[in-house]
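Report on the following structure.
Residue numbers (the numbering used here), protein chains in the order written: chain B, -6 to 123; chain E, 548 to 1344.
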């Protein structure tokens, strides 16, 4: 029984360490634009839209824009579901990979200046629906 | 919009203010009652009469929580917007069921729901806790007291105030649009009842450990374990249905962190159920089972912390605002206290138990039923552990001081099959393994029989699919990303999974047929396994073999995909109306455009801050063999496309061809008001005409664009030109919205519903059976099973 407990403990430890390693190693990391441009695996990149760079080519379901952060800029080709609030986004997270000088993404998270929860000033509470 | 007029504020009615104050008082009262109860029970051995005090204050504490909940419900039903929480999660347009759903749609309300559900089970379970009652009550009261304290900080009864005076806003912010689905009125209460019942298991485990009473503990905890597993299980399924019906990505489960927080406790509870069977037949795993009984609760508290702390804010569809700091500290204290307290006690008891009990070695042999139950339980724990680790990656990265990483859905699909497949194989084998030891030859013979039947059935299914029209509805050539990122043809892998589901189905059905003559209720565990096999088959087939395509549709410009022609047919209302639906006719282009059905996905605009966001939900055309899942993306209004065209070249625009023939000029170069025009020939769709978009150059070098109509949907604008090579930039501007449409063919979705129903009903019946037969000293049905010979499967083959 003591032996059994020892074995269980070791197995639990190995499983935990092993699984943690697998998940951490293979999780899609948040990287800077410079790092993203140096590899081709799936990554998350956070950045801001370069003003004026947004071109919606919705006829071909394609959005192009330039993303910048403190390490540089990269052109992004986005082919995922359309984002209705992209132009006013303060911050964009694009998920995808780098290939031939541009970043290809099918998934995007858009952070907008204001959200439901932050709207707690009194004035917004007395607005009637338009 | 009416702006705030400080002189004309509506004051809340006095009954509403009184109710809010009363509810706040009830929360404080609950915390006090639970504190008294814990204390009274703790010192009760010295003074017997304190037991009554403890029991009564426990009941009063629970009643206070129920009262608080009723109070909040009243405020919601009456739309009392003077309360910030009600204002933030309801509005006058909502029907009563959605006002009720508003109660738990935010942070504060979901904590209250958790507390109320835990209290319900506390009241129910405490009467049957027998000699574990004292410690059960202490642990339970401490936990509910802590939750009441959290509620005192995270109060849903804060008033909207203007310069210190409460006022009634005209309209609430409304329930988050994606929550306005009937599943949201029933999924949270169900799953929170499940989460609430986890507290029973935890409190019973602590009580058993304190009293070192692991034998009488067993029949008490058994029915609650089955109830917990069933409630959490059915809650998980309901969450999946909600996702399928509202989120529009075409699936039930995406390994979202909040889904995982519910799934991990389920794995541990189900492991406990199997551990209990091992203990009740072999008298081993006594200490292990107390651990298994505590893990679900600890995992859920940890998960709650993870999702509410704001660490996962970017990674989940369930967004929660960050908690009140004091409340979060309390939650961390509850988590730390219960984890450390439990582990400390458990470790001490584990060593003591090892010293005091000598385990005679059982008769050897690996092929005994309890070995399989043990393996099953361990694999379930491993499944829970893997999922918990996956969802903890953001925390791990933060603790290591590194940039965050995101575990995407695909990674779970790459890791978990290594646990899922052996688990399913165990479910297929175990019904035929007897409690006595088997010879390997006998065992493998049985395994071989079941595998052969399953392979046969898989083959027949595949054959029937391929020779019938069903083949056009499924994707027989799916690609799957395997571990390490290799993309492979997925057909074989999916058939393997389907085959394994068949094995589980065949083995358990067989066992049910054999057993049902002897014991009607004893077959329920096998029935629930049948349910799981059907549910898993449904999930695997409906996602693995799905067909999927996307296109864009405009007024008078139908889109083609998956053999449909999609025609835009207008909207049922306007974009301000929450019930607005967009109508699309799906026609069969091969049958003269016969209308197959009209899809009506929902679409309306909701104001979020300074901008309008589109809310969409899918249309599901249900069928026996497959669902047609029509998902609408947010439409693009006034979409445009810029194209650079060199002189003499053409561009394609749908069916039209635009040829840039020459540059024309009106007025002198460099003077004010000079117009440059591009002569563009339009051909295709029976057209052959010329249009000339123009660009006017002002004195300061500024430009004015003169657009021309291309057809009723499109405008052509010349936005720039290059004087050197005479190339131009034209913009195609749409004056009608473009609707992105996705269509999925989801085969055999009905299996998901069927499997869930079987699993749930069987689970509740099994719990009822254990509840009314369980507390006997010797477990009749198990000893019967233990004595009975293994079914003569091989001989009959």
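Even glycine gets a Cβ: it sits at the ideal position worked out from N, Cα and C.
For residue 985/E, does the three-state DSSP call read helix, strand or coil? In this structure, residue 985/E counts as coil in the three-state DSSP scheme.
Would you call the stretch 754 to 769 of chain E and the stretch 822 to 842 of chain E in contact, with 3 or more CB pairs under 8 Å? Judged by Cβ distances under 8 Å, the stretch 754 to 769 of chain E makes contact with the stretch 822 to 842 of chain E, as three or more pairs qualify.
Please report the straight-line C-alpha distance between residue 1120/E and residue 1183/E, rounded to a whole angstrom. Taking the straight line from one Cα to the other gives about 18 Å.
Buried versus exposed call for residue 1344/E [16 or more other C-beta atoms within 10 Å across all chains shown]: Residue confidence for residue 1344/E is low, a pLDDT of 32 falling below 50, so the modelled location carries little weight and cannot support an answer.
Find the nearest neighbour of residue 1226/E within the set 1265/E, 922/E, 1188/E, 1215/E, judged by alpha-carbon distance. Of 1265/E, 922/E, 1188/E, 1215/E, the smallest CA-CA separation from residue 1226/E is found for 1265/E.
Neighbourhood of residue 1159/E by C-beta, 6 Å cutoff - its chain only, sequence neighbours within 5 removed: These residues qualify, in order along the chain: 1152.
Tell whether a beta-carbon distance below 8 Å holds between residue 804/E and residue 947/E. Against a cut-off of 8 Å, the Cβ pair of residue 947/E and residue 804/E comes out as no contact.
Could you confirm whether any beta carbon from chain E is found closer than 8 Å to the beta carbon of residue 70/B? At a cut-off of 8 Å between beta carbons, residue 70/B makes no contact with chain E.
Alpha carbon to alpha carbon, how far is residue 1272/E from residue 1209/E? Cα-Cα distance, rounded: 12 Å.
Measuring CA to CA, which of 999/E, 960/E, 1166/E is closest to residue 975/E? Checking every option, the nearest Cα to that of residue 975/E belongs to 999/E.
Which of the residues in the stretch 945 to 969 of chain E, read from start to end, lie with their CB under 8 Å from any CB of chain B? Listed in sequence order: 950, 951, 952, 953, 954, 955, 958, 961, 962.
Between residue 641/E and the rest of its own chain, which residues show a CB-CB distance below 8 Å, the 5 nearest in sequence each way excluded? Answer for residue 641/E: 649, 721, 722, 727, listed in chain order.
For residue 575/E, the three-state DSSP class (helix, strand or coil): Three-state DSSP puts residue 575/E in a helix.
Quick one: what does DSSP say residue 1164/E is sitting in, helix, strand or coil? Residue 1164/E: strand per DSSP, three-state reduction.
Could you tell me which chain D residues have their CB closer than 9 Å to the CB of residue 804/E, listed as they occur along the chain? Judged by its chain identifiers, the structure shown contains no chain D, and its protein chains are B and E.
Where the alpha helix (DSSP H) through residue 707/E begins and ends: Counting along the chain, residue 707/E falls outside any alpha helix (DSSP H), and DSSP gives it neither H nor E.
Cutoff 6 Å; reference residue 1298/E; Cβ partners in own chain excluding five residues on either side: Counting only residues of its own chain and dropping the five nearest sequence neighbours on each side, residue 1298/E has a CB closer than 6 Å to the CB of 1081, 1084, 1085.
Residue 942/E in three-state terms, based on DSSP: Three-state DSSP puts residue 942/E in a helix.
I need the straight-line Cα distance from residue 556/E to residue 714/E, nearest angstrom please. Going by the C-alpha atoms only, they are around 6 Å apart.
By Cβ distance, which residues of its chain are closer than 7 Å to residue 1037/E, with the 5 residues on each side in sequence left out? Excluding sequence neighbours, residue 1037/E sits near 1025, 1026, 1027, 1091.
Residues sharing a beta bridge with residue 1203/E, DSSP: As a beta-bridge residue in DSSP terms, residue 1203/E pairs with 1200/E.
Would you grab the beta carbon distance between residue 1150/E and residue 1126/E for me? Rounded to a whole angstrom, and I think it's under 8 Å. Under the criterion of beta carbons closer than 8 Å, residue 1150/E and residue 1126/E do not qualify as touching, at roughly 10 Å.
Taking DSSP as the reference, what is the three-state secondary structure of residue 628/E? Residue 628/E carries a coil assignment under DSSP once its states are collapsed to helix, strand and coil.
If the criterion is Cβ atoms closer than 8 Å, does the pair residue 1049/E and residue 1019/E meet it? It is not a contact, given that the beta carbons lie outside the stated cut-off.
Check the Cβ of residue 932/E against every Cβ in chain B and list those closer than 7 Å, keeping chain order. Here the neighbours are 8, 9, 12.
Would residue 20/B pass as an interface residue toward chain E - the criterion being a Cβ-Cβ separation below 8 Å? With 8 Å as the cut-off, residue 20/B counts as an interface residue toward chain E.
Can you list, in chain order, the residues of its chain whose CB lies under 6 Å from that of residue 1236/E, leaving out five sequence neighbours each side? The beta carbon of residue 1236/E sits closer than 6 Å to the beta carbons of 1229 from its chain, once the five residues preceding and following it are set aside; these are given in chain order.
I think residue 734/E touches residue 789/E, with their Cβ atoms under 8 Å apart; what is that distance to the nearest whole Å? At roughly 6 Å, the Cβ-Cβ gap stays under 8 Å, so residue 734/E and residue 789/E are in contact.
Measure the alpha-carbon distance for residue 696/E versus residue 690/E and round it to whole angstroms. Distance between the alpha carbons of residue 696/E and residue 690/E: 10 Å.
Minimum Cβ-Cβ distance from residue 97/B to chain E less than 8 Å: The beta-carbon of residue 97/B is placed no less than 8 Å from the nearest beta-carbon of chain E.
Neighbour-count burial assignment, residue 944/E, 16 or more Cβ in a 10 Å radius: Counting the other Cβ atoms within 10 Å of the Cβ of residue 944/E gives 16 or more, which makes it buried.
When you compare the stretch 848 to 855 of chain E with the stretch 878 to 894 of chain E, are there three or more beta-carbon pairs, one atom per stretch, that lie closer than 8 Å? Result yes; three or more Cβ-Cβ pairs closer than 8 Å.
Tell me the DSSP secondary structure of residue 1212/E in three-state form. Residue state, collapsed to three classes: strand.
Identify, in the order they occur along the chain, each residue of the same chain with its Cβ nearer than 8 Å to the Cβ of residue 590/E, setting aside the five sequence neighbours on each side. 597.
Please identify, using Cβ separations under 7 Å, the residues of the stretch 1173 to 1189 of chain E that lie next to chain B, in order along the chain. Residues of the stretch 1173 to 1189 of chain E with a C-beta less than 7 Å from any C-beta of chain B: 1180, 1181, 1183, 1186, 1187, 1188, 1189, listed in chain order.
By Cβ distance below 7 Å, which residues in the same chain neighbour residue 1250/E in space, the five residues on each side in sequence not counted? Sequence-distant Cβ neighbours of residue 1250/E in its own chain, meaning closer than 7 Å and more than five residues away, are 1242, 1243, 1244.
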